[in-house]
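This report concerns only the one structure given below.
2 protein chains.
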Amino acid sequence: MMNKILIIEDEAPIREMLVFILEQNGYQALEAGSFEEAQRHLVEPVPVLILLDWMLPDVSGIQIAKSLKQGDLTKHIPIIMLTAKGEEEDKIKGLEVGADDYMTKPFSPKELMARIKAVLRRVAPTAIEEAVEADGIILDPVSHRVTVHNKLVELGPTEFRLLHFFMTHPDRVYSREQLLDHVWGTNVYVEDRTVDVQIRRLRKAIGEVNTMIQTVRGSGYRFSKTT
Amino acid sequence: MMNKILIIEDEAPIREMLVFILEQNGYQALEAGSFEEAQRHLVEPVPVLILLDWMLPDVSGIQIAKSLKQGDLTKHIPIIMLTAKGEEEDKIKGLEVGADDYMTKPFSPKELMARIKAVLRRVAPTAIEEAVEADGIILDPVSHRVTVHNKLVELGPTEFRLLHFFMTHPDRVYSREQLLDHVWGTNVYVEDRTVDVQIRRLRKAIGEVNTMIQTVRGSGYRFSKTT
DNA sequence: ACCTAGCTGTCATAAAAATGTCATAATTAT
DNA sequence: ATAATTATGACATTTTTATGACAGCTAGGT
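So this is what it looks like as structure tokens:
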């Protein structure tokens with residue numbers, strides 16, 4: 039995962055505390071004491087979120103937020119404003135300018151992480167999860183159910199993802215490595231042969247229609263209605 | 039409260055004006071230039087209202103309204119149509135298809151907000167106050183009572199809200215985080231695992247029918263009559 | 001202000017399910 | 001027949017969920 043989060047905050051102690059919390063939670067923290075410093079982090083690959091202090095010495099938070107929301111590269115990056123207590127009315131301005139949330143200092147690590155996750159969740163709505171159908175197999179990502187000829191089938195998480203991938207990418211051979219990338223996710227270290235085993239489990243689970251999961255000797259596997 | 043309102047309007051200037059007005063009034067504005075773009079906003083948590091332009095380049099407003107009123111997720115979202123002057127007869131069609139109100143461009147911010155509030159006021163009670171039933175479970179928000187096979191069941195506040203949410207959103211998997219968002223409310227910071235515990239309490243409280251509260255390993259929980 | 005009872009969130013631990021790997025059998029290609 | 005490749009069953013480990021216990025909190029009552 040290793041998502042990058044940019045911190046724009048002039049006070050070093052607070053910044054370091056934020057870094058600590060973020061790294062503790064599996065994020066990569068980028069530090070900037072000013073808007074200028076921040077620039078060098080605003081290049082590809084761009085951070086997924088920005089924590090922006092409201093009170094900065096030179097440029098005000100409002101201006102930074104505004105210019106962030108104008109740049110093509112940065113306009114879609116959600117911003118969480120950090121304000122001191124009692125700057126309530128800044129909240130209004132902040133949200134107007136395009137901040138996605140704001141947080142009053144001091145705050146707990148728990149609150150910080152909760153807000154970050156909430157914002158990220160809000161910004162990246164789950165893709166259009168449409169049900170897929172193929173020759174009697176129906177897979178519905180919304181209810182997370184799979185039926186074969188209208189009979190419910192129990193699948194483990196990996197089997198489910200594997201079948202979903204196959205059904206959305208039919209008539210195409212995928213090597214074991216490719217399947218690992220797509221279904222298991224990148225940077226997962228497992229044996230190629232593990233794919234074979236999951237394929238077998240999936241075939242067993244879906245019964246007769248498993249003829250659609252085809253072995254392509256020397257190449258990998260393919261999902262297809264025709265043999 | 040941060041209610042989301044979705045704007046479907048192809049002309050950017052008008053859209054931006056709407057955004058400005060809405061945010062000024064404490065709503066969160068979502069923008070879409072086409073029906074397609076709108077899709078990505080039509081996922082949980084769903085907007086509370088949709089402002090829909092009548093004249094869109096590709097699909098007509100009527101069609102959009104129609105398909106919105108068919109989707110399970112979207113059918114209860116009120117729609118305000120935006121029409122140009124002189125398209126009077128469209129009003130008829132619009133209301134037929136399920137629009138809740140319509141407004142002729144140009145309009146003042148005051149009028150816009152007034153209509154939005156009126157529509158929300160009109161819609162809210164029916165949506166929220168209605169009793170829900172599912173396979174022997176009856177939950178009545180008005181009397182705040184729950185019966186299972188006509189026997190009264192005692193629920194704590196959180197259990198009640200959780201059950202209510204499930205019953206009004208059946209056959210859908212929700213992650214722990216999503217449940218926290220919907221049932222506990224945003225800006226509440228509790229552990230994911232807390233959901234497990236409340237689920238257990240709710241299951242224990244409702245007795246045999248707890249088979250409807252289903253664990254979906256690796257994904258979350260689901261409420262459904264069928265297993 | 002001081003109790004009390006009910007709710008809630010968290011933690012520790014138990015239980016269950018899923019997963020990766022290996023050894024071996026079966027199949028296919030050369 | 002031999003080598004290469006895939007299928008399968010078994011098993012240990014890891015991951016995920018269920019459960020019980022407990023302490024803090026809150027609202028209502030005295």
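Going down the list, the sequences are from chains A and B. Here the first sequence is numbered in this note's numbering, starting from 39 and rising by one per residue. Here the second sequence is numbered in this note's numbering, starting from 39 and rising by one per residue. Just so it is clear, CB atoms sit at the ideal spot from N, CA and C, and this is done for glycine as well. Computed from a predicted model, the values in this text were never measured in an experiment.
Check the DSSP bridge columns for Glu-54 (chain B) and list the partner residues they point to. The residue labelled residue 54 (chain B) in the question sits at position 16 within the second sequence. According to the DSSP secondary-structure assignment, Glu-54 (chain B) is paired through a beta bridge with no residue.
8 Å contact criterion, which Lys-155 (chain A) and Glu-215 (chain B) should meet: CB distance rounded: On the first sequence, position 117 is the one that residue 155 (chain A) refers to. On the second sequence, position 177 is the one that residue 215 (chain B) refers to. About 7 Å; that satisfies the 8 Å criterion.
Could you give the uninterrupted runs of the beta strand (DSSP E) lying entirely in the stretch 168 to 241 of chain B, keeping only those of 3 residues or more? Counting whole runs of 3 or more residues, the stretch 168 to 241 of chain B contains the beta strand (DSSP E) stretches 170 to 172, 175 to 178, 183 to 186, 189 to 191.
Put Ile-59 (chain A) into one of helix, strand or coil per three-state DSSP. Here residue 59 (chain A) refers to the residue found at position 21 when the first sequence is read from its first residue. In this structure, Ile-59 (chain A) counts as helix in the three-state DSSP scheme.
Any chain B beta carbon closer than 7 Å to Val-157 (chain A): By 1-based counting over the first sequence, the position of residue 157 (chain A) is 119. Among the residues facing chain B, Val-157 (chain A) is not included, as its CB has no counterpart in that chain under 7 Å away.
Under a CB-based cut-off of 7 Å, is Ser-257 (chain B) close to chain A? Locating residue 257 (chain B) in the second sequence gives position 219, counting from the first residue. Output row for Ser-257 (chain B): interface = yes.
Ordered along the chain, which non-local residues of its own chain (more than five positions away) have a Cβ less than 6 Å from that of Thr-112 (chain B)? One-based indexing of the second sequence puts residue 112 (chain B) at position 74. Around Thr-112 (chain B): Leu-80, Leu-106.
Hey, is Pro-144 (chain B)'s beta-carbon within less than 7 Å of any beta-carbon in chain A? Residue numbering aside, residue 144 (chain B) sits at position 106 when the second sequence is read from its first letter. Not a single CB atom of chain A sits nearer than 7 Å to the CB of Pro-144 (chain B).
What separation, rounded to the nearest whole angstrom, lies between the Cα atoms of Arg-153 (chain A) and Asp-139 (chain A)? Residue mapping note: residue 153 (chain A) aligns to position 115 of the first sequence, counting from 1. Residue mapping note: residue 139 (chain A) aligns to position 101 of the first sequence, counting from 1. When rounded, the distance between both Cα atoms is 8 Å.
Residues in the same chain with beta-carbon distance under 6 Å from Phe-73 (chain B), minus the five sequence neighbours each way, listed in chain order, please. As a first step, residue 73 (chain B) is located in the second sequence; it is residue number 35 there, counting from the start. If you ignore the 5 residues before and after Phe-73 (chain B), its C-beta comes within less than 6 Å of the C-beta of Val-97, Ile-102, all in its own chain and listed in chain order.
For Phe-145 (chain B), the three-state DSSP class (helix, strand or coil): Taking the first residue of the second sequence as 1, we reach residue 145 (chain B) at position 107. Of the three classes helix, strand and coil, the one that applies to Phe-145 (chain B) here is coil, per DSSP.
What residue ranges within the stretch 55 to 122 of chain B form continuous alpha helix (DSSP H) runs of no fewer than 4 residues, ordered along the chain? Fully enclosed alpha helix (DSSP H) runs of 4 or longer: 73 to 77, 99 to 106.
Could you tell me the alpha carbon to alpha carbon distance between Leu-60 (chain A) and Met-119 (chain A), rounded to whole angstroms? Taking the first sequence and counting its residues from 1, the one referred to as residue 60 (chain A) is at position 22. Taking the first sequence and counting its residues from 1, the one referred to as residue 119 (chain A) is at position 81. The C-alpha of Met-119 (chain A) is placed about 16 Å away from the C-alpha of Leu-60 (chain A).
With 16 as the cutoff for other CB atoms within 10 Å, does Ile-130 (chain A) come out buried or exposed? Within the first sequence, residue 130 (chain A) is the residue found at index 92, counting from 1. Residue placement at Ile-130 (chain A) is poorly supported in this model, since its pLDDT is 49, which falls under 50; the coordinates still yield a value, given next. Exposed, by the Cβ-count rule.
What are the residues in the stretch 64 to 92 of chain B lying within 9 Å of chain A by C-beta distance? Residues Gly-64, Gln-66, Gln-77, Arg-78, His-79, Leu-80, Val-81, Glu-82, Pro-83.
Does Val-211 (chain B) have its Cβ less than 7 Å from a Cβ in chain A? Working through the second sequence from its first residue, we reach residue 211 (chain B) at position 173. For Val-211 (chain B), the answer is yes, since a Cβ of chain A falls inside 7 Å of its Cβ.
Please confirm whether Val-97 (chain B) has its beta-carbon closer than 7 Å to some beta-carbon of chain A. As a working mapping, residue 97 (chain B) is identified with position 59 in the second sequence. Closer than 7 Å: no.
Can you tell me whether Arg-181 (chain B) is buried or exposed? The criterion is at least 16 other CB atoms within 10 Å of its CB, across all chains shown. On the second sequence, residue 181 (chain B) is found 143 positions in, with the first residue counted as 1. The residue asked about is misnamed: residue 181 (chain B) is Ser in this sequence, not Arg. The residue is exposed, with fewer than 16 neighbouring Cβ atoms inside 10 Å.
Determine, using beta carbons only, whether Glu-229 (chain A) comes closer than 7 Å to chain B. Indexing the first sequence from 1 puts residue 229 (chain A) at position 191. By this cut-off, Glu-229 (chain A) is not an interface position.
Using a threshold of 7 Å, state whether the C-beta atoms of Gln-236 (chain B) and Leu-193 (chain B) are closer than that. In the second sequence, the residue the question calls residue 236 (chain B) occupies position 198. In the second sequence, the residue the question calls residue 193 (chain B) occupies position 155. Taking 7 Å as the cut-off, the Cβ atoms of Gln-236 (chain B) and Leu-193 (chain B) do not count as close.
Listed by chain order, chain A residues near Arg-260 (chain B) by CB distance under 9 Å: Here residue 260 (chain B) refers to the residue found at position 222 of the second sequence. Within 9 Å Cβ-Cβ: Ser-181, His-182, Arg-183.
If you check the beta carbons only, do Phe-198 (chain B) and Val-221 (chain B) fall under 7 Å apart? Counting from one through the second sequence, the residue named residue 198 (chain B) turns up at place 160. Counting from one through the second sequence, the residue named residue 221 (chain B) turns up at place 183. At least 7 Å separates the beta-carbon of Phe-198 (chain B) from that of Val-221 (chain B).
Are Leu-87 (chain A) and Gly-99 (chain A) closer than 7 Å when you measure CB to CB? Walking along the first sequence from the start, residue 87 (chain A) turns up at place 49. Walking along the first sequence from the start, residue 99 (chain A) turns up at place 61. No, Cβ-Cβ distance for Leu-87 (chain A) and Gly-99 (chain A) is not below 7 Å.
Of the residues B:Thr-264, B:Arg-255, B:Glu-82, the one placed nearest Thr-249 (chain B), counting alpha carbons only: For the purposes of this step, residue 249 (chain B) is taken as residue 211 along the second sequence, with counting starting at 1. Considering only B:Thr-264, B:Arg-255, B:Glu-82, the residue with the shortest C-alpha distance to Thr-249 (chain B) is B:Thr-264.
With DSSP as the reference, please indicate the residues paired to Thr-253 (chain A) in a beta bridge. Residue mapping note: residue 253 (chain A) aligns to position 215 of the first sequence, counting from 1. DSSP output for Thr-253 (chain A) lists A:Tyr-259 as bridge partner(s).
Would you kindly check if the distance between the Cβ of Thr-206 (chain A) and the Cβ of Val-247 (chain A) is under 7 Å? Indexing the first sequence from 1 puts residue 247 (chain A) at position 209. Indexing the first sequence from 1 puts residue 206 (chain A) at position 168. In this structure, Thr-206 (chain A) does not lie closer than 7 Å to Val-247 (chain A) by Cβ.
Report the rounded CA-to-CA distance for Ile-175 (chain A) versus Lys-242 (chain A), giving the unit in angstroms. Counting from one through the first sequence, the residue named residue 175 (chain A) turns up at place 137. Counting from one through the first sequence, the residue named residue 242 (chain A) turns up at place 204. Separation of Ile-175 (chain A) and Lys-242 (chain A) (C-alpha to C-alpha, rounded to the nearest whole angstrom) is 14 Å.
I'd like the list of long-range same chain contacts for Val-186 (chain B), defined as Cβ closer than 7 Å, with 5 residues on each side in sequence excluded. Your numbering for residue 186 (chain B) matches position 148 in the second sequence. Result list for Val-186 (chain B): Gly-174, Ile-175, Ile-244, Gly-245, Val-247, in chain order.
At a CB-CB cut-off below 9 Å, which residues of chain A make contact with Thr-265 (chain B)? Working through the second sequence from its first residue, we reach residue 265 (chain B) at position 227. By Cβ distance, chain A contributes Leu-190.
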